[in-house]
Amino acid sequence: MINTSTMKTSDFATVGDRSAPVPPHLELEQVGPIAASTHGLDVQSASTLGGEWASNARLDLADGSRRMFKAVGARDADHAEQLRTRLEWRSSLARTSAAAGLPAALPEPCLAGGDVAIVEHDGATLLVVVSEWMPGVPLAEYHPTRLNAASTRREIGRAAAEMVEALSTHPAPQEDIQHEWAFETMSETIRGALGTDAGRTGISETDRSCVEGLITRFEALREVVLAAPHGLTHHDFNDFNLLVDPETGHLTGVVDFDDARLAPLLSEVSIAAAYATLGADVDPLAALRDVVDGASEVRAWSDEEVSAIFAGAAVRLCLNAVVWTVRAEGHNATYGAARMARTWPVVRLLAAAQTEAAADGLHRAAAGRAE
C-alpha cells in the first residue's frame, strides 16, 4: 500500500503506472525536424497542443495537409521497447475503431516501418507517433445551441457504446494496464491525492466534503461495477479527445488511446457522460441523461449499471479536479488549470444534487432504452 501521508505532488504523478513515459519537453521548433526524420514529412509549421505526458503538436505540411504529432520520452532502452509495444497496440486500437466506422485518427507508418518511431534527440530517447489530423474542434471549445447540445451528447453516448462493441474482438494488451485514471480505483486514487501536500493545501474543506459525498455513493455500487461485463475500452472520452463539427455538433473525431485498458464496459459511457457535463451553460443532470440515452440505443444497460454510470461520472469529475489541483505546479500547469476551472463548479453542482429522488428520477428516465 502507498503511504500517501508523505507523498509529494511529483510522486503522485506516477501512482498506478511506474512505466509511465517521461515528458519530453520539446521546443516547438524541434518538432518539424523530428517528424521529417521519422516519417519523411515536409513540415512548414507546427502548433502546440495540450496533453498530459506527451509533447503534442499540429503539423502543417507543404502539400496543405495536416498531421497530429505525439512524442513521449523513455528512461532507457528497455523502457523504450516497453513503450513501443504499448504504443503499437494503441495504434492498432485506432485502426480497429476506424474500421468499425468510428471517427478514429489513423496512424501514419514510419519510414522504418510500424507506427512508432524511436529516435535519439539531444541525449534523450523519444518515441514518436504521427497520425491523421481529424476535422472539427474539441468538445471543450464547442459552443452549441440548446438543441445541438443534446444531440451531440446523445451521439457521444452512442459512440462510447459503439467503441466497446468495436473493440470486443480486439486482442488484449500484453500487460495489465493500470493508471491513475482507471475507473475501478478512482476512489483510492482521489484519496491518495487528497493526502498529498498539494491536496491538503490546495483543496478547501467544502470541496473535500463534496468529493467525499460523491465517492461514498460510487463506493456503494462497487459490486455492480466489478460484476459488470468487462472488455477493452478507450477509457478517456474526455472533452479534449472528442472533436465535433463547430456548426452542427456532429462527432468528427475520437483521438488519444493512451489510457485504453480492460475495464467494465459501463466505464466507457460513464467517462463520456462525465465530460459532457462541463460548460457554463450545461445542465449536468440533463447532460448525463442525454449521454446514457444515446448509449442505450446501442446496448442495453441494467438499472444497476445506469446507477453506476451516473455515480461513476460524478467521481470521474472529482478525479479530474483533484488530480489537476495536485499537479498545479507540474510540467503541464496551464493544461491543468484549464481542467480545474471547468470541473470544480460541476463537482459542486453534482454534490448538491445527490439526493435519492434526483438520482432515482434520472435512472428511471435513462435505463433500459435498448431493450
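Here the sequence shown is numbered in full-length UniProt numbering, starting from 1 and rising by one per residue.
Just so it is clear, CB atoms sit at the ideal spot from N, CA and C, and this is done for glycine as well.
Rounded distance between the beta-carbons of residue j and residue i, thought under 8 Å
i	j	result
residue 32	residue 43	4 Å
residue 41	residue 61	6 Å
residue 259	residue 344	No, residue 259 and residue 344 are not in contact; Cβ-Cβ is about 22 Å, not under 8 Å.
residue 102	residue 292	Wrong, their Cβ atoms sit about 19 Å apart, outside the cutoff.
residue 287	residue 276	5 Å
residue 346	residue 210	Actually they are not in contact, since the Cβ atoms of residue 346 and residue 210 sit about 10 Å apart, beyond 8 Å.
Residue i, buried or exposed, once every other Cβ within 10 Å from all chains shown has been counted against 16
i	result
residue 200	exposed
residue 157	buried
residue 192	buried
residue 123	exposed
residue 171	exposed
residue 248	exposed
residue 229	exposed
residue 216	exposed
residue 234	buried
residue 76	exposed
residue 289	buried
residue 242	buried
residue 351	buried
residue 146	exposed
residue 120	exposed
residue 189	buried
residue 168	exposed
residue 317	buried
residue 206	exposed
residue 256	buried
residue 105	buried
residue 232	buried
residue 320	buried
residue 47	exposed
residue 312	buried
residue 357	Residue confidence is low: residue 357 scores 46 on pLDDT, short of 50, so the model does not pin down where it sits. Its coordinate-derived value is still stated next. With fewer than 16 other Cβ atoms within 10 Å, it is exposed.
residue 39	buried
residue 307	buried
residue 99	exposed
residue 93	buried
residue 341	exposed
residue 153	buried
Candidates the options, of which the one nearest residue i by Cα
i	options	result
residue 273	304, 189, 155, 228	155
residue 252	69, 153, 136, 277	136
residue 245	91, 21, 34, 151	151
residue 26	58, 72, 38, 59	72
residue 108	314, 91, 138, 226	91
residue 323	250, 232, 194	194
residue 74	278, 68, 204, 83	83
residue 159	59, 19, 127, 297	297
residue 80	149, 342, 127	127
residue 373	281, 45, 163, 98	What the structure shows of the chain is the stretch from 1 to 371, and residue 373 is not part of that stretch, so it cannot be assessed.
residue 97	208, 310, 165, 341	165
residue 142	281, 308, 310	281
residue 19	37, 176, 118, 310	176
residue 112	37, 341, 65, 78	37
residue 118	208, 35, 65, 302	35
Close beta carbons around residue i, own chain, < 8 Å, minus the five adjacent residues each side
i	result
residue 88	114, 115, 116
residue 174	85, 89
residue 219	187
residue 184	225, 226, 263, 264, 267
residue 148	248, 249
residue 337	324, 328
residue 63	42
Neighbourhood of residue i by C-beta distance below 6 Å, restricted to the same chain and skipping five residues each side
i	result
residue 349	284
residue 304	224
residue 236	259
residue 56	49, 70
residue 203	325
residue 314	214, 350
residue 125	74, 80
residue 67	59, 130, 133
residue 368	Annotation note: pLDDT 47 at residue 368 (below 50); position unreliable, coordinate value reported separately. Within the same chain, residue 368 has no close Cβ partners at all.
residue 261	177, 235
Close beta carbons around residue i, own chain, < 7 Å, minus the five adjacent residues each side
i	result
residue 239	138, 139, 140, 275, 278
residue 95	106
residue 370	Any answer about residue 370 is weak, because its pLDDT of 48 lies below 50 and its placement is not dependable; what the coordinates show is given next. The residues are 296, 297, 298, 299, 300.
residue 45	60
Does the stretch 262-270 come close enough to the stretch 132-147 that 3 or more CB-CB pairs lie under 8 Å? The stretch 132-147, when compared against the stretch 262-270, does not touch it at the 8 Å Cβ threshold.
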